[in-house]
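J.: Here you go, one structure.
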Amino acid sequence: MAKAHVYKRDHVNTDEIIPARYLNTDDVTELASHCMEDLDTGFMAKCQPGDVIVCGDDFGCGSSREHAVWAIQGANIGAVIAHSFARIFYRNCINCGFYPIELHGALEKINDGDELEVDYKAGIIDNKTQGTKIEFTPLPDFALEIVNDGGLLDHIKKQK
Amino acid sequence: MSMTITEKILARAAGKDCVAAGELINAQVDMVMCHDVTTPPAISMLKEKGIDKVFDPEKIVVTPDHFQPAKDIKSAELHKRLDTWAKEKKLPYYYKVGRAGVCHALLPEQGHIRPGEVIVGGDSHTCTYGAFGAFSTGIGSTDLAAAIATGVLWFKVPESMKFVLNGSLGKGVYSKDVILEVIRRIGTDGALYKAMEFVGPALKEMSMAARMTITNMAIEAGGKNGIIGFDETTKRYLDGRLKGKTDYTVFESDADAVYVHEDTIDCSTLEPMVAFPSLPSGGKPISECAGEAMDQCYIGSCTNGRIEDFRIAAGIIKGKEVAIRTIIVPTTPRIWKQAIDEGLAEIFYDAGCVVSAPTCGACLGGFMGILAAGEKCVSTTNRNFVGRMGSPKSGVYLASPATAAASAVEGKLTDPRKYL
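Listed in order, the protein sequences are those of chains H and F.
In short: position in the first sequence from 1, add 44, done, that's our numbering.
In short: position in the second sequence from 1, add 7, done, that's our numbering.
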């Protein structure tokens, strides 16, 4: 079961997700070990594979570093749910085959520690702790196709 | 159908007569900017996927900048991967250390930016080039890989916002203060997914360097691109400078083009601005914040590290001793040499500043001026997020080169107008 790690914050930026002092490498394991470090130094210690990050508006703003998505993927985060995403981060997620879940009001519907199950196909988050089913707007078809192909480069290869 | 300048450029790149906001298009890319942090992973991805090719070597510009010259072994490895690839692909516009500079200062200076083109780069501040009437936006490594290999990327045509810059900037007030005011008004996601178009009489009086400071920070409001139309100033900058293709197409927004938001800034009434930690939208007029003690001053970056910026800073610092450690970072080798030739480097030396080689350096917390816990830095850079220039417990105060220089002299946030 995936556990929610809720940060009642807007504008969580890519400097917090993966600080620039670690950008001298693109080794995913190393990046993952510093995931969310400048937001919460204890994040990696309490995070289990499949867990979910929940935030407010404008998640992933700032630098275009895809290292932020790689750190999250490398840390085996199951999903990121946010009220809204910054443009480049959102695009990077899709390009890496990682489904960004846009859910307005997520911070009111999910509490820290809630057990969640995400059904991407149906566009539903099952909040087991609260006994609620939360609908989210699924990705547009073209983006879903890229995610399902495993990312942009595999998508391009498949088209050729 | 009426269109904005952004829509016209994207329509041209998509091979269409017209496009509308919200439409998904496949656009031909005219220029791809590559640097040392986001390009090496893109190169590895292309090799791994077996699509290791370059769509057009003439349309790719490469410069190490973030950690150049290499700050440690790991960044040296990134540079080695970039170097090997650029040589293997025989890229004609590869700027090696000694010719390398901060990408968004270097590419325009070296004549790689043309109006009307679609430009992408593996860096969020790629929006800088919109100052030349181009559509320019930052992308991640996977998009970069796709652009390098195919020269085509998908885009959603952004809605446009219009910012009318009226009046004239007063003494001691600069384009940095204008963009900090714009971001203060609309917030760091006020332009999310949108094009930020800047028009108005105040722009006419601004140099290309000053205009680039404005478009550079479009991303700090969440913008997809920032854009300023072509005029005589643009033409004068480009004449005799362009490398390779010297012709270009000038686009203008139609008078009845659609904007989702319009805002007017009276530049005559603006004060010097300082954006407090930890968001670029934290702008305050200097009259409300002068006196806040600082530990460091940093003058450089793709936002404000051009020769015009160092002239302004040197004008204030000349003949004085700086009260805090002050780090001057020219962004390209040419600007570095100009700073020496014009006597600016000597002024900085005499005042007790340190002058660095071109690099992105401490702007993103790389090296050359990292902050310790509890320290505060007045900086001409673009971001003041938590930990941006070092310790997560340090603070970055964004300001113009004039405000930064005056603050360096006094060791606290200072209104530069008293020194002008």
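Using N, Cα and C, we set each Cβ at its ideal position, and we do this for glycine too.
It should be emphasised that the depicted structure is a prediction, and the values quoted were computed from it without experimental measurement.
(1) With C-beta atoms as the reference, is H/VAL124 less than 8 Å away from H/ILE145?
(2) In the DSSP assignment, find the unbroken alpha helix (DSSP H) run with F/LYS211 in it and report its ends.
(3) Count the other CB atoms, across all protein chains shown, that sit within 10 Å of the CB of F/GLY29; report buried if there are 16 or more and exposed otherwise.
(4) Would you give the residue range spanned by the alpha helix (DSSP H) that F/MET215 belongs to?
(5) Measuring only between beta-carbons, confirm whether H/PHE186 sits less than 8 Å from chain F.
(6) I need the straight-line Cα distance from H/TRP114 to H/ALA46, nearest angstrom please.
(7) Check whether the Cβ of H/THR69 lies closer than 8 Å to any Cβ atom in chain F.
(8) Does F/THR133 come out as helix, strand or coil in the three-state DSSP assignment?
(9) Starting from the Cα of F/PRO1, find the closest Cα among F/LEU245, F/VAL385, F/LYS169 and give me that residue.
(10) Looking at the structure shown, is F/LYS163 part of a helix, part of a strand, or coil, going by DSSP?
(11) Would F/GLY22 be called buried (16 or more neighbouring beta carbons within 10 Å of its own) or exposed?
(12) Strictly under 8 Å for the Cβ-Cβ distance: is F/GLY372 near chain H by that measure?
(13) Which partner residues of H/CYS99 appear in the DSSP bridge assignment?
(14) Does DSSP classify F/GLY402 as helix, strand or coil?
(15) Please tell me whether F/VAL44 and F/GLY312 are closer than 8 Å, where the distance is taken between their beta carbons.
(16) Taking just the CA atoms, how far does F/VAL61 sit from F/ILE377?
(17) Taking the alpha carbon of H/PHE186 as the reference point, which residue from F/GLY129, F/THR276, F/LEU31, F/VAL403 has its own alpha carbon closest?
(18) Apart from the five residues on each side of it in sequence, which residues of its chain come closer than 8 Å, Cβ to Cβ, to H/LYS90?
(19) Taking DSSP as the reference, what is the three-state secondary structure of H/GLN117?
(20) Would you verify that the beta carbon of H/ASP101 is, or is not, closer than 8 Å to some beta carbon of chain F?
(21) With a Cβ-Cβ cutoff of 8 Å, do F/GLU315 and F/ALA217 count as a contact?
(22) Taking the runs of the beta strand (DSSP E) that are 3 residues or longer, which of them lie wholly in the region 15-96 of chain F?
(23) Compute the distance between the beta-carbons of F/THR310 and F/ASN223, then report whether it is under 8 Å.
(24) Quick check on this structure: which residue in F/ARG192, F/ALA198, F/THR46, F/HIS86 has the alpha carbon closest to the alpha carbon of F/VAL267?
(25) When burial is assigned at 16 or more other CB atoms within 10 Å of the CB, is F/LYS231 buried or exposed?
(26) Buried or exposed: which applies to F/THR410, given that a residue is buried once 16 or more other Cβ atoms fall within 10 Å of its Cβ?
(27) Would you check if the region 204-211 of chain F and the region 278-298 of chain F touch, i.e. whether three or more CB-CB distances between them fall below 8 Å?
(28) Assuming F/ALA20 and F/MET10 make a contact with CB atoms under 8 Å, what is their CB distance in whole Å?
T.: The short version:
(1) As a first step, residue 124 of chain H must be located in the first sequence, where it is residue number 80. As a first step, residue 145 of chain H must be located in the first sequence, where it is residue number 101. Yes, the pair counts as a contact, with Cβ atoms nearer than the cut-off.
(2) Residue numbering aside, residue 211 of chain F sits at position 204 when the second sequence is read from its first letter. Per DSSP, the continuous alpha helix (DSSP H) segment holding F/LYS211 begins and ends at 208-211.
(3) To locate residue 29 of chain F, count along the second sequence from 1; it is residue 22. It is exposed - the Cβ of F/GLY29 has fewer than 16 other Cβ atoms within 10 Å.
(4) Within the second sequence, residue 215 of chain F is the residue found at index 208, counting from 1. From DSSP, the alpha helix (DSSP H) with F/MET215 extends over 215-223.
(5) As a position in the first sequence, residue 186 of chain H is number 142, starting the count at 1. By this cut-off, H/PHE186 is an interface position.
(6) Your numbering for residue 114 of chain H matches position 70 in the first sequence. Your numbering for residue 46 of chain H matches position 2 in the first sequence. C-alpha separation (whole angstroms): 19 Å.
(7) As a first step, residue 69 of chain H is located in the first sequence; it is residue number 25 there, counting from the start. For H/THR69, the answer is yes, since a Cβ of chain F falls inside 8 Å of its Cβ.
(8) Within the second sequence, residue 133 of chain F is the residue found at index 126, counting from 1. Residue state, collapsed to three classes: helix.
(9) As shown, chain F starts at 8 and ends at 427. That puts residue 1 of chain F outside it, with no answer to give.
(10) Taking the second sequence and counting its residues from 1, one reaches residue 163 of chain F at position 156. In the structure shown, F/LYS163 sits in a strand (DSSP, three-state: E or B).
(11) Here residue 22 of chain F refers to the residue found at position 15 when the second sequence is read from its first residue. Under this definition F/GLY22 is an exposed residue.
(12) The residue you call residue 372 of chain F lines up with position 365 of the second sequence. It does; some Cβ of chain H falls within 8 Å.
(13) Counting from one through the first sequence, the residue named residue 99 of chain H turns up at place 55. According to DSSP, H/CYS99 bridges with H/ALA126.
(14) The sequence position of residue 402 of chain F within the second sequence is 395, counting from 1. The three-state reading of DSSP puts F/GLY402 in strand, counting E and B together.
(15) Working through the second sequence from its first residue, we reach residue 44 of chain F at position 37. Working through the second sequence from its first residue, we reach residue 312 of chain F at position 305. Their beta carbons are not under 8 Å apart, which means F/VAL44 does not touch F/GLY312 by this criterion.
(16) Counting from one through the second sequence, the residue named residue 377 of chain F turns up at place 370. Counting from one through the second sequence, the residue named residue 61 of chain F turns up at place 54. Computed Cα separation, rounded: 36 Å.
(17) Stepping through the first sequence from its first residue, residue 186 of chain H is reached at position 142. Per the Cα distances, F/LEU31.
(18) Reading the first sequence from its first residue, position 46 is the one you call residue 90 of chain H. So the list reads HIS49, once near-sequence residues are dropped.
(19) Locating residue 117 of chain H in the first sequence gives position 73, counting from the first residue. Helix at H/GLN117.
(20) As a first step, residue 101 of chain H must be located in the first sequence, where it is residue number 57. H/ASP101 counts as touching chain F.
(21) The residue you call residue 315 of chain F lines up with position 308 of the second sequence. The residue you call residue 217 of chain F lines up with position 210 of the second sequence. Result yes, Cβ atoms of F/GLU315 and F/ALA217 sit closer than 8 Å.
(22) 31-35, 38-41, 67-69
(23) Along the second sequence, one-based indexing puts residue 310 of chain F at 303. Along the second sequence, one-based indexing puts residue 223 of chain F at 216. Closer than 8 Å, so yes.
(24) Residue numbering aside, residue 267 of chain F sits at position 260 when the second sequence is read from its first letter. Answer by Cα proximity: F/ALA198.
(25) Here residue 231 of chain F refers to the residue found at position 224 when the second sequence is read from its first residue. Under this definition F/LYS231 is a buried residue.
(26) Within the second sequence, the letter at position 403 stands for residue 410 of chain F. Its Cβ being crowded by 16 or more others within 10 Å, F/THR410 is buried.
(27) no
(28) For the purposes of this step, residue 20 of chain F is taken as the residue at position 13 of the second sequence. For the purposes of this step, residue 10 of chain F is taken as the residue at position 3 of the second sequence. With 8 Å as the limit, F/ALA20 and F/MET10 do not qualify as a contact, their Cβ atoms being about 13 Å apart.
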